[in-house]
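Here the structure is laid out as structure tokens; the discussion comes afterwards.
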Amino acid sequence: MKLSFTLLLTLLTLAMTGCFASREARVESDYSYTGNFRRYRTYDFITGQGLAADTSRLGEVLREAIRTRMRVQGYRPARSRADLLVNFRVFEGDMRFRGYAQEDLTRWVTTGIVEDDETPKEERQGYKPVKLLLTEGTLLVTLIDNKTNRAVWNGYASGVTVPPGAQGEQVLKRSVRSIFDRYQIFTEGYLENNRQ
2 MKLSFTLLLT LLTLAMTGCF ASREARVESD YSYTGNFRRY RTYDFITGQG LAADTSRLGE
62 VLREAIRTRM RVQGYRPARS RADLLVNFRV FEGDMRFRGY AQEDLTRWVT TGIVEDDETP
122 KEERQGYKPV KLLLTEGTLL VTLIDNKTNR AVWNGYASGV TVPPGAQGEQ VLKRSVRSIF
182 DRYQIFTEGY LENNRQ
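The sequence shown maps to residues 2 to 197 in the numbering used here.
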């Protein structure tokens, strides 16, 4: 069976487009040493302006993907006095971002150390800033300690290209999963209770 030149060219173009559209986003995260990650059990979304208040289909896709991941890790939604507030934003274009070189969050949490304003200066971890250039299309998810009103974790994926329609929804869901793969903190006792 011979393929026509036009069909062959179309298949090659589609294959190349798929390669470009499925390129891997750069996924990073950093956290605050003041985060009391063992204490958090509940969450709620920040409301306001921007995408967090967005009632479009893509805004809802992001919220649902985050809800799913939080539920899988044992967090419950709470309308009042949630432990964590969730904020997310999509940035267009390249951007400079300051992150931090830190050990893996899971290892940090297992040490049981939580810094606060009372922690002596010589016992503090200290942050090692890293300047990052995040490429076109960055999805940033921030978890905020509702009690202290401080951001305790940032997860971000850069190079996220969101095509229109169902494919764009899948890209956003995959990006949220990749970001939360960097936040592997389950609520205390959640894993033990679910093994039974």
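All C-beta atoms in this analysis are idealised placements derived from N, C-alpha and C, irrespective of residue type, glycine included. Being a predicted model, the structure only gives us computed values, none of them experimental.
Asked	Found
Chain-order list of residues whose beta-carbon lies under 6 angstroms from that of Leu-63 (same chain, five-residue window excluded)	Phe-89, Leu-173
Straight-line Cα distance separating Glu-29 from Arg-58	26 angstroms
Burial state of Thr-107 (16 or more Cβ within 10 Å)	exposed
Where Arg-151 sits in the DSSP three-state scheme	strand
Inter-residue Cα distance where the pair is Ala-152 and Thr-136	23 angstroms
Spatially closest choice to Phe-98 from Gly-60, Asn-155, Ile-180, by CA coordinates	Asn-155
Contact check, Val-110 vs Phe-187, beta carbons under 7 angstroms	no
Supposed contact pair Tyr-32 and Ala-83 - C-beta distance, whole angstroms, cut 8 angstroms	So it is not a contact: roughly 18 angstroms between Cβ atoms.
Buried/exposed call for Leu-134, threshold 16 Cβ in 10 Å	exposed
Per-residue burial, Glu-170 [other beta carbons within 10 Å of its own, 16 or more giving buried]	buried
Distance, Arg-178 Cα to Cys-20 Cα	No answer about Cys-20 holds up, because its pLDDT of 36 lies below 50 and its placement is not dependable.
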